[in-house]
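Asks:
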Amino acid sequence: MESVLAKGFRYPNQSVIFRQIRYAGSLTRRRLTQLTDLSFQTVSNIVADLVDMELVVSDGLVNQNAGKPAESLKVNPEGLYAVGILLDRGKFEATLIDLSGQCVLRSTHAISSVQPEETLLQIAEVTQQFLKRTGVPPERFAGVGIASPGPIDFRFGAISHPPNFPGWAFVPLQQQLTDMLGCSVTLIKDSHAAALAEVWSLHTGVPSSMFYLYLSAGIGGSFVIDSRIWTGFLGNAGEVGHIVVADGPLCECGRQGCLEAAWSLGKIAREAGKTVEEFADLLNQKTLPYWDHWRQGIPLLARAVVDVVNVLEPESLIVGGPQGEIIGNDLVTPLTNALQKEGFVHNLRPIVVRTAAVANAASMGAGLVQINAALTSDISSNGVLGLAI
Ligand SMILES: [Zn+2]
Numbered sequence: 016m017e018s019v020l021a022k023g024f025r026y027p028n029q030s031v032i033f034r035q036i037r038y039a040g041s042l043t044r045r046r047l048t049q050l051t052d053l054s055f056q057t058v059s060n061i062v063a064d065l066v067d068m069e070l071v072v073s074d075g076l077v078n079q080n081a082g083k084p085a086e087s088l089k090v091n092p093e094g095l096y097a098v099g100i101l102l103d104r105g106k107f108e109a110t111l112i113d114l115s116g117q118c119v120l121r122s123t124h125a126i127s128s129v130q131p132e133e134t135l136l137q138i139a140e141v142t143q144q145f146l147k148r149t150g151v152p153p154e155r156f157a158g159v160g161i162a163s164p165g166p167i168d169f170r171f172g173a174i175s176h177p178p179n180f181p182g183w184a185f186v187p188l189q190q191q192l193t194d195m196l197g198c199s200v201t202l203i204k205d206s207h208a209a210a211l212a213e214v215w216s217l218h219t220g221v222p223s224s225m226f227y228l229y230l231s232a233g234i235g236g237s238f239v240i241d242s243r244i245w246t247g248f249l250g251n252a253g254e255v256g257h258i259v260v261a262d263g264p265l266c267e268c269g270r271q272g273c274l275e276a277a278w279s280l281g282k283i284a285r286e287a288g289k290t291v292e293e294f295a296d297l298l299n300q301k302t303l304p305y306w307d308h309w310r311q312g313i314p315l316l317a318r319a320v321v322d323v324v325n326v327l328e329p330e331s332l333i334v335g336g337p338q339g340e341i342i343g344n345d346l347v348t349p350l351t352n353a354l355q356k357e358g359f360v361h362n363l364r365p366i367v368v369r370t371a372a373v374a375n376a377a378s379m380g381a382g383l384v385q386i387n388a389a390l391t392s393d394i395s396s397n398g399v400l401g402l403a404i
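Sequential numbering from 16 applies to the sequence shown in our numbering.
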């Protein structure tokens, strides 16, 4: 059989049909015809191609109102796999996902050295262990997607001048990992990967536009419009953490008073002598005095968020990211109140603020980007990235 990776989707209607089946879970050819305005013959031909590629499989027969039972189709989870990596300060998270977007395996690893090559070797080793443990055949492996804090440079597949990754500046990690594993590798900023995982999970319920606020040690974000994200020209759009909100300390970016320098989990945890994870756990338990200290800075975050919403006017604001998953619920009300009180368009329509639906979103999203790239050869163009799957 020809490798699904060599083939991929050859024309847009293949991704249209695949997506409809994914959204619905299970669909007959007749129902696909109704949903897409394609002829029954065209739908049947496309379904035959997808079945031949083993991306779609039979879900059994369903009774119709008239006539004989019809075959329903569903996504074949085993049709394609990818590994998503979230690079973080001092550690990385690895997730093996299948074509249905489900996590098959996940593990977190301390980065043993500040040197990029040793970390890439660790990532390659974990990837190979995942494939060995699950028996994923090479022709069904789409490759590795890496979600990294910015700034990155799409052109070189590298982190460009990273404050928290000494020695990593312009190291072509995308190419180096490709050489180590012999598979395709994609680099994307962490907030964009997380936003794409959210879009994937919402199916047809994606707001027309949303801003995904990504809270990790620092603060980033991603603007989504019509299920596609604005990555920025080199992949770095959405740096909410570098909006000036106070007459505060010097930021590592060189500006004075950036949100991240004035108030971020990384900064507050550092001051408390804790790791970011330890500090987030303390917040999750509402432990005093850490809880009060953290809450005192929320107005600074709100100030930056109001600026973002004033500029972009998204339909929804989503609070996510590794720390957003833990403390996001406690931000929804203060951010909603700030937007209603200070937002430029607050009297026209209240913006919907909610927490993210997907956990471990950045590594999940990095894997989805890689599956998307394998099937559509469409990674990013002109600063816009969407999933055609
Ligand atoms: Zn800054």
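Backbone N, C-alpha and C fix where the C-beta goes; we use that ideal spot for every residue, glycine too. The structure presented is a predicted model; accordingly, all values stated were derived computationally and were not measured.
One question on the structure: do valine 58 and isoleucine 100 come within less than 9 Å of each other, judged by their Cβ atoms?
Replies: no
Asks: Just to confirm the assignment, what range does the beta strand (DSSP E) spanning histidine 124 have?
Replies: Unbroken beta strand (DSSP E) run through histidine 124: 118 to 125.
Asks: Should phenylalanine 405 go down as buried or exposed, given a rule of 16 or more other Cβ atoms within 10 Å for buried?
Replies: The first residue shown for the chain is 16 and the last is 404, placing residue 405 beyond what the model contains.
Asks: Whose C-beta lies closer than 7 Å to the C-beta of glutamate 154 among residues of the same chain, with five residues either side of it excluded?
Replies: Ser18, Val19 and Leu20
Asks: Beta-carbon within less than 8 Å of phenylalanine 55's beta-carbon, same chain only, minus the 5 sequence neighbours each way: which residues are those?
Replies: Correct list, in chain order: Arg44, Arg45 and Thr48.
Asks: Grab me the residues of leucine 402's own chain with a C-beta within less than 8 Å of its C-beta, minus the 5 sequence neighbours each way, in chain order.
Replies: Leu211, Val214, Trp215, Ser242, Leu383, Val384 and Asn387
Asks: Entirely within the segment 112 to 180 and at least 3 residues each: give me those beta strand (DSSP E) ranges in chain order.
Replies: 118 to 125 and 156 to 163
Asks: How big is the Cα-Cα spacing for alanine 276 and glutamine 137?
Replies: 31 Å
Asks: Buried or exposed, going by whether 16 or more other CB atoms sit within 10 Å of the CB of glycine 105?
Replies: The residue in question, glycine 105, is exposed, as its Cβ has fewer than 16 Cβ neighbours within 10 Å.
Asks: Alpha carbon to alpha carbon, what distance is there between asparagine 344 and glutamate 132?
Replies: Cα to Cα, the separation comes out at about 38 Å.
Asks: So, at 8 Å on beta carbons, what are the nonlocal neighbours of alanine 353 in its own chain, with the 5 sequence-adjacent residues on each side left out?
Replies: Pro314, Ala317, Arg318, Val320 and Val321
Asks: Looking at ligand 1, does it come within less than 8 Å of glutamate 10, judged from the CB to the closest heavy atom?
Replies: Residue 10 is absent from the model: the chain starts at 16 and stops at 404.
Asks: For ligand 1, which residues have a Cβ under 5 Å from at least one heavy atom, in chain order?
Replies: His257, Cys266, Cys268, Arg270 and Cys273
Asks: Of all the options Gly256, Gly269, Ile61 and Leu303, which has the alpha carbon lying nearest to the alpha carbon of lysine 282?
Replies: Gly256
Asks: Can you tell me which of the three DSSP states glycine 253 falls into?
Replies: coil
Asks: Since isoleucine 126 and phenylalanine 145 should fall inside the 8 Å C-beta cutoff, what is the C-beta to C-beta distance between them, to a whole number of angstroms?
Replies: Isoleucine 126 to phenylalanine 145, Cβ: 18 Å. No contact.
Asks: Determine the DSSP secondary structure at glutamine 271, reduced to helix, strand or coil.
Replies: The answer is strand: DSSP assigns glutamine 271 an E or B state.
Asks: What does the alpha-carbon distance come out to for the pair glycine 339 and glycine 236?
Replies: 11 Å
Asks: Mind checking whether phenylalanine 247 and aspartate 262 have CB atoms under 9 Å apart?
Replies: Reading off the sequence, residue 247 comes out as glycine, not phenylalanine. The answer is no: Cβ separation not under 9 Å.
Asks: Between isoleucine 404 and arginine 148, how many whole angstroms is the CB-CB distance? I'm expecting something under 8 Å.
Replies: Not quite, the Cβ-Cβ distance comes to about 25 Å (not below 8 Å), so this is no contact.
Asks: Along the chain, which unbroken stretches of the alpha helix (DSSP H) at least 4 residues long are found entirely within the segment 194 to 238?
Replies: 205 to 217
Asks: In the structure shown, what three-state DSSP assignment does valine 433 receive?
Replies: Since the displayed the chain opens at 16 and closes at 404, residue 433 lies outside it and no answer follows.
Asks: Give me the Cα-Cα distance between alanine 139 and leucine 327, rounded to the nearest whole angstrom.
Replies: 39 Å
Asks: Could you tell me which uninterrupted beta strand (DSSP E) segments, each at least 3 residues in length, are contained entirely in the segment 17 to 80, listed from first to last along the chain?
Replies: 71 to 77
Asks: For the segment 285 to 349, which segments carrying the beta strand (DSSP E) assignment without a break, of at least 3 residues, lie completely within its bounds, in sequence order?
Replies: With a minimum length of 3 residues, the continuous beta strand (DSSP E) runs that stay inside the segment 285 to 349 are 331 to 335.
Asks: I'd like to confirm the pairing. Which residues does DSSP put opposite tryptophan 245 in its beta bridges?
Replies: Phe238 and Val399
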